[in-house]
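Everything below concerns the one structure shown next.
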Amino acid sequence: GMWSTDKFMANCRKGTCTGKGSTADYDMGNTGLALLAFLGAGHTHKHGKFKRTVKKGLKAMKERQTPDGCLGPKAAHGHWIYNHTIGAMALAEAYGLSNKSPLLQGPAQKAIDFLVDCQNPYLGWRYGRQTGENDTSVTGWAVLALKSAKISGLHVPKETFDGALNWFNKVTDEAYYKTGYTSKGDTGARLQEAMGKFQSTEAMSAAAVVSRIFILGTKATNRPEILGGGNLLKQNPPKWDVKGGTIDMYYWYYGTLAMFQLGRQYWKAWNGPMKEALVPTQKREGCENGSWDPIGAWGTAGGRVYSTAINCLSLEIYY
Numbered sequence: 009g010m011w012s013t014d015k016f017m018a019n020c021r022k023g024t025c026t027g028k029g030s031t032a033d034y035d036m037g038n039t040g041l042a043l044l045a046f047l048g049a050g051h052t053h054k055h056g057k058f059k060r061t062v063k064k065g066l067k068a069m070k071e072r073q074t075p076d077g078c079l080g081p082k083a084a085h086g087h088w089i090y091n092h093t094i095g096a097m098a099l100a101e102a103y104g105l106s107n108k109s110p111l112l113q114g115p116a117q118k119a120i121d122f123l124v125d126c127q128n129p130y131l132g133w134r135y136g137r138q139t140g141e142n143d144t145s146v147t148g149w150a151v152l153a154l155k156s157a158k159i160s161g162l163h164v165p166k167e168t169f170d171g172a173l174n175w176f177n178k179v180t181d182e183a184y185y186k187t188g189y190t191s192k193g194d195t196g197a198r199l200q201e202a203m204g205k206f207q208s209t210e211a212m213s214a215a216a217v218v219s220r221i222f223i224l225g226t227k228a229t230n231r232p233e234i235l236g237g238g239n240l241l242k243q244n245p246p247k248w249d250v251k252g253g254t255i256d257m258y259y260w261y262y263g264t265l266a267m268f269q270l271g272r273q274y275w276k277a278w279n280g281p282m283k284e285a286l287v288p289t290q291k292r293e294g295c296e297n298g299s300w301d302p303i304g305a306w307g308t309a310g311g312r313v314y315s316t317a318i319n320c321l322s323l324e325i326y327y
C-alpha cells in the first residue's frame, strides 16, 4: 500500500524506469502526497476507479502509526515531521471526503493531535516535538493539514492557528512582505547537492500567503501582507528551465494554491506560466508515461513519485 521513494522502479519489467529518491525514510511523505493526488481527483477508499489503491494506501498508513499518533518512524534526521504532517493531511482529507468514515476518524484525529503537540508554544514547527526552533516550510505544511482537519470536522484548537500566524508575522519583512525560512530576510533552504544549481524562490512567501488566507479567511485577501506576498509571486511565475535552475515544484504547488485563492490579476498572471511549465513536460511514453522527471530543486530527495504527485496536486487546485 505504500509508495517507495528509492525502490519505486522495482516492478519495472524492462528495468528502464529512472528517478529514484534518496531514501526509504521518505516513503510515508511520498505516500501521503500520492494519496492526496488521488483524493484531489475524487477517488476515496469508497468511491472512484482507484478506490482499491486509496484503501491500501490508507491501511498502510494506519498500520504504521505509532502509539503517540506519529505516522511512521521518527527517522530521516528529524525530517520525519514532513512525513507525519503530509500523512496527517492525507488522513484528514480522506476522512472528510469519505463522509466521515468511522474507520478513519480515530487515526486522523490522533495524527492531528500529535501534530498539535509538536508545535512550539505560540509559534510554529520545526524538526521534532517542541524543539524551540521554527521554520516556515514545516509550519506551512502543518497549516494545510490542520485546515483540512478542521474542514473535515476534526478537532483543531484555535491556538494552533494563532501560533502559526505569529511565526509568519515574525519572519515577514514590512517593506516587500517577503517571508523568510527560519529568519526574516533569509533565502530559504536547499539540499546540499542542489546548492548553487537552483535559483532561490518565493516558496516561503507563497506558504505564508496561502496559510494566512486559510487561517483568516478569504475576506483577508486585501490585507497588505497577503497582497504583498502575492505581488512577489506575480513577479516570479513558474518557468521550466533546466539549465537556468528555475524548477521548484514545491514552490509552484504553494504558489498555485496562493494565487488561486487571491484570484483576480494574481491568478491570471500565474495560471498561464504554471500550465506552460507543467503540461508539456509530463512524460508521454514508456513506463514513465504520465510522470514528471525529478529534476527540480527537491527531486533528488523525493524522486519521481514526489515530483509526479506534487505536480498533480498543483493541476488539481482548479477543482
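So the sequence shown is numbered by this note's numbering: it starts at 9 and just counts up by one.
We put the beta carbon where it would ideally sit given N, CA and C, even for glycine.
The structure presented is a predicted model; accordingly, all values stated were derived computationally and were not measured.
Task: Ser299, buried or exposed, once every other Cβ within 10 Å from all chains shown has been counted against 16 - done: Here residue 299 is taken as the residue at index 291 of the sequence shown, counted from 1. Under this definition Ser299 is a buried residue.
Task: Completely contained alpha helix (DSSP H) runs for the region 62-135, where each covers 4 or more residues - done: 88-105, 110-126
- [ ] Assuming Leu199 and Trp306 form a contact by the criterion Cβ under 8 Å, report the distance between their Cβ atoms to the nearest whole angstrom.
- [x] For the purposes of this step, residue 199 is taken as residue 191 along the sequence shown, with counting starting at 1. For the purposes of this step, residue 306 is taken as residue 298 along the sequence shown, with counting starting at 1. Yes, they are in contact, since the Cβ atoms of Leu199 and Trp306 sit about 7 Å apart, within 8 Å.
TODO: Just the C-alpha distance for Gly114 and Trp149, rounded to the nearest angstrom, thanks.
DONE: Here the question's residue 114 lines up with position 106 in the sequence shown. Here the question's residue 149 lines up with position 141 in the sequence shown. Computed Cα separation, rounded: 21 Å.
Open item on the list: Tell me which residue opens and which closes the alpha helix (DSSP H) that Gly280 is part of.
Closed with: Along the sequence shown, one-based indexing puts residue 280 at 272. First-last of the alpha helix (DSSP H) with Gly280: 272-286.
- [ ] For the alpha helix (DSSP H) containing Cys320, list its first residue and its last residue.
- [x] Taking the sequence shown and counting its residues from 1, the one referred to as residue 320 is at position 312. Per DSSP, Cys320 belongs to the alpha helix (DSSP H) from 307-324.
- [ ] On the DSSP bridge assignment, give the partners of Thr180 in chain order.
- [x] Residue numbering aside, residue 180 sits at position 172 when the sequence shown is read from its first letter. In DSSP, Thr180 forms a bridge with Thr187.
Task: Backbone CA spacing between Gly40 and Gly236 [nearest angstrom] - done: For the purposes of this step, residue 40 is taken as residue 32 along the sequence shown, with counting starting at 1. For the purposes of this step, residue 236 is taken as residue 228 along the sequence shown, with counting starting at 1. The straight-line gap from Cα to Cα measures roughly 31 Å.
Task: First through last residue of the alpha helix (DSSP H) which encompasses Ala45 - done: As a working mapping, residue 45 is identified with position 37 in the sequence shown. Segment 35-48, the alpha helix (DSSP H) holding Ala45.
Open item on the list: Determine whether the beta carbon atoms of Arg212 and Thr144 lie at a separation below 8 Å.
Closed with: Walking along the sequence shown from the start, residue 212 turns up at place 204. Walking along the sequence shown from the start, residue 144 turns up at place 136. Note on residue identity: the sequence assigns Met, not Arg, to residue 212. Contact flag set, yes.
Open item on the list: For a test of the three-state rule: what should DSSP assign to Asp170, helix, strand or coil?
Closed with: Numbered from 1 along the sequence shown, position 162 holds the residue referred to as residue 170. Helix.
Open item on the list: I need the straight-line Cα distance from Tyr34 to Thr93, nearest angstrom please.
Closed with: For the purposes of this step, residue 34 is taken as the residue at position 26 of the sequence shown. For the purposes of this step, residue 93 is taken as the residue at position 85 of the sequence shown. So the alpha carbons of these two residues sit roughly 12 Å apart.
- [ ] Might you give, ordered along the chain, the residues of its own chain that have their beta carbon closer than 6 Å to the beta carbon of Lys54, omitting 5 neighbours on each side?
- [x] Against the sequence shown, residue 54 aligns to sequence position 46. Taken in chain order, the residues that qualify are Ser106.
Open item on the list: Can you give me the C-alpha to C-alpha distance between Gly304 and Trp278, rounded to a whole angstrom?
Closed with: Residue mapping note: residue 304 aligns to position 296 of the sequence shown, counting from 1. Residue mapping note: residue 278 aligns to position 270 of the sequence shown, counting from 1. CA-to-CA, the gap between Gly304 and Trp278 works out to about 19 Å.
Task: Selected residue, minimal CA-CA separation from Phe206, among Phe222, Asp121, Val250, Cys295 - done: In the sequence shown, the residue the question calls residue 206 occupies position 198. The residue with the shortest Cα to Cα distance from Phe206 is Val250.
Task: Endpoints, alpha helix (DSSP H) assigned at Phe206 - done: Translated into the one-based positions of the sequence shown, residue 206 becomes position 198. Looking at the DSSP string, Phe206 is not in any alpha helix (DSSP H), and its letter there is neither H nor E.
Open item on the list: Across the region 53-71 and the region 24-31, are there enough close Cβ pairs to call them in contact, namely three or more that are closer than 8 Å?
Closed with: no
Open item on the list: Classify Thr13: buried if its beta carbon has 16 or more other beta carbons within 10 angstroms, exposed otherwise.
Closed with: By 1-based counting over the sequence shown, the position of residue 13 is 5. Its Cβ being crowded by 16 or more others within 10 Å, Thr13 is buried.
- [ ] Compute the beta-carbon to beta-carbon distance between Gly136 and Gly86, rounded to the nearest angstrom, for a pair I have assumed lies under 8 Å.
- [x] Indexing the sequence shown from 1 puts residue 136 at position 128. Indexing the sequence shown from 1 puts residue 86 at position 78. Indeed they touch by this definition, with Cβ atoms about 5 Å apart.
Task: Given Phe176 as reference, the closest of Ile234, Thr229, Gly225 once Cα atoms are compared - done: Position 168 of the sequence shown, counted from the first residue, corresponds to residue 176. That would be Ile234, whose Cα lies nearest to the Cα of Phe176.
TODO: Work out the CA separation of Met257 and Tyr189 for me, nearest whole Å.
DONE: Here the question's residue 189 lines up with position 181 in the sequence shown. Here the question's residue 257 lines up with position 249 in the sequence shown. Taking the straight line from one Cα to the other gives about 17 Å.
Task: Beta-carbon spacing of Ser219, Val151 below 8 Å - done: By one-based count along the sequence shown, residue 219 stands at place 211. By one-based count along the sequence shown, residue 151 stands at place 143. Yes. Within cutoff.
- [ ] Measure the beta-carbon distance from Ala98 to Leu44 and round it to whole angstroms, keeping in mind my assumption that it falls under 8 Å.
- [x] In the sequence shown, residue 98 corresponds to position 90, counting from 1. In the sequence shown, residue 44 corresponds to position 36, counting from 1. Confirmed, about 5 Å.
TODO: Tell me Asp14's beta-bridge partners as DSSP assigns them.
DONE: Numbered from its first residue, the sequence shown carries residue 14 at position 6. Its beta-bridge partners do not exist; DSSP assigns none.
Task: Distance, Gly104 Cα to Leu265 Cα - done: Residue numbering aside, residue 265 sits at position 257 when the sequence shown is read from its first letter. Residue numbering aside, residue 104 sits at position 96 when the sequence shown is read from its first letter. In a straight line, the C-alpha of Leu265 is about 19 Å away from that of Gly104.
TODO: In angstroms with no decimal places, state the Cα-to-Cα distance between Thr187 and Gly238.
DONE: Position 179 of the sequence shown, counted from the first residue, corresponds to residue 187. Position 230 of the sequence shown, counted from the first residue, corresponds to residue 238. Taking the straight line joining both Cα atoms gives about 11 Å.
- [ ] State the start and end residues of the unbroken alpha helix (DSSP H) segment that holds Pro246.
- [x] By 1-based counting over the sequence shown, the position of residue 246 is 238. Neither: Pro246 is in no alpha helix (DSSP H) and is coded neither H nor E.
TODO: Write down every uninterrupted run of the alpha helix (DSSP H) in the region 140-164 whose length is 4 residues or greater and which is fully enclosed by it, in chain order.
DONE: Counting whole runs of 4 or more residues, the region 140-164 contains the alpha helix (DSSP H) stretches 144-159.
TODO: Report buried or exposed for His163, applying the criterion of at least 16 other Cβ atoms within 10 angstroms of its Cβ.
DONE: Numbered from 1 along the sequence shown, position 155 holds the residue referred to as residue 163. With fewer than 16 Cβ atoms within 10 Å of its Cβ, His163 is classed as exposed.
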